[in-house]
Amino acid sequence: MQPVFRFAPSPNGELHLGHAYSALLNHRLARQAGGRFLLRIEDIDRERCRPEFERGIADDLRFLGLDWDESPRRQSEHFADYAGALDALVHEGLAYPAFMTRGEVKGFAARFEEKEGRPWPRDPDGAPLYPGLDRALDASERERRLAAGEPFAWRLDMNRALGMLEALTFREDGADGGPAGEVRAEPELWGDVVLARRDVPTSYHLSVVVDDALQGVTHVVRGRDLLPSTSVHRVLQALLGLSAPRYRHHDLVLDEAGRKLSKSAGDTSLRQLRAAGLAASDIRRMVGL
Numbered sequence: 297m298q299p300v301f302r303f304a305p306s307p308n309g310e311l312h313l314g315h316a317y318s319a320l321l322n323h324r325l326a327r328q329a330g331g332r333f334l335l336r337i338e339d340i341d342r343e344r345c346r347p348e349f350e351r352g353i354a355d356d357l358r359f360l361g362l363d364w365d366e367s368p369r370r371q372s373e374h375f376a377d378y379a380g381a382l383d384a385l386v387h388e389g390l391a392y393p394a395f396m397t398r399g400e401v402k403g404f405a406a407r408f409e410e411k412e413g414r415p416w417p418r419d420p421d422g423a424p425l426y427p428g429l430d431r432a433l434d435a436s437e438r439e440r441r442l443a444a445g446e447p448f449a450w451r452l453d454m455n456r457a458l459g460m461l462e463a464l465t466f467r468e469d470g471a472d473g474g475p476a477g478e479v480r481a482e483p484e485l486w487g488d489v490v491l492a493r494r495d496v497p498t499s500y501h502l503s504v505v506v507d508d509a510l511q512g513v514t515h516v517v518r519g520r521d522l523l524p525s526t527s528v529h530r531v532l533q534a535l536l537g538l539s540a541p542r543y544r545h546h547d548l549v550l551d552e553a554g555r556k557l558s559k560s561a562g563d564t565s566l567r568q569l570r571a572a573g574l575a576a577s578d579i580r581r582m583v584g585l
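Per the working numbering, the very first residue in the sequence shown carries number 297; after that it's consecutive.
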């Protein structure tokens, strides 16, 4: 099987050195393995993603000397694929409409902590776990609220899902001194994750596993910050009957204060570095490649 790698940025801002490192590394590994390198545009957030940022991504990658082997896959053009996957989970009783907002979940956790004097569990990203109250709604109440047009999100019934599956692992190639070999997945740490919202008919977790399967991705190389998410992806792959790629979670490019580079924080972009006269070789040297 020919190896397939991918670089999958979101066009909600300009690429920075962290993106450059990941793109360059994926491209290098793909070409060294005689494989294919794909570009995916993860633009499910139609409010923040903009065409000019997508054009900037292509310009930056070409500036770095990278090419890709087929037209980019834009997630916004494939909502039907994600809807099909969600429908399959709903049909199996593995997804349910959850009406509590993020603010309400935070409030619930705060009230619990105040009353019980101990912390409410949080996911690996630090957000309080969904308490699952809507999971227990009777069918008539659920239908009433749906018919009334109340906003909701589709959430995965994690306990039910794990009850259907054997213990899950994933193959981690051990980049930068990280874990190597078969790593045990820990999806229970995430609780009932969001699969889709009314205004966004999919989620990062759902769309990424569907895309990787449809594109035949064999190697997922991405930042260490996404290592915990792999546990959720393994659950969805198993439930949907999708093959699991090999994973490699590399170190992050940090600023002088040791903070991860971020679009939202306004960290120096590749466009700005290009405008300052830096060459592609300078960028490669700055990220250690």
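Even glycine gets a Cβ: it sits at the ideal position worked out from N, Cα and C.
- The beta carbon of T498 lies closer than 6 Å to those of I340, Y378 and A492 in the same chain, with the five residues before and after it left out.
- I337 sits in a strand when the DSSP states are folded into three classes.
- According to the DSSP assignment, A476 belongs to the beta strand (DSSP E) that extends over A476 to R480.
- When DSSP states are grouped into helix, strand and coil, R327 belongs to the helix group.
- Beta bridge pairing from DSSP links A432 with no other residue.
- Shown here, F408 sits in a helix according to DSSP, grouped into three states.
- Between L464 and V531, the C-beta spacing is below 8 Å.
- The C-beta distance from V300 to G331 rounds to 6 Å, short enough to meet the 8 Å contact threshold.
- 8 Å or more divides the Cβ of L538 from the Cβ of V490.
- For L566, DSSP assigns no beta-bridge partner whatsoever.
- Beta-carbon to beta-carbon, L425 and D419 are separated by about 6 Å, close enough to satisfy the 8 Å threshold.
- Rounded to whole angstroms, the gap between the alpha carbons of E484 and L510 is 26 Å.
- As far as DSSP is concerned, T498 takes part in no beta bridge.
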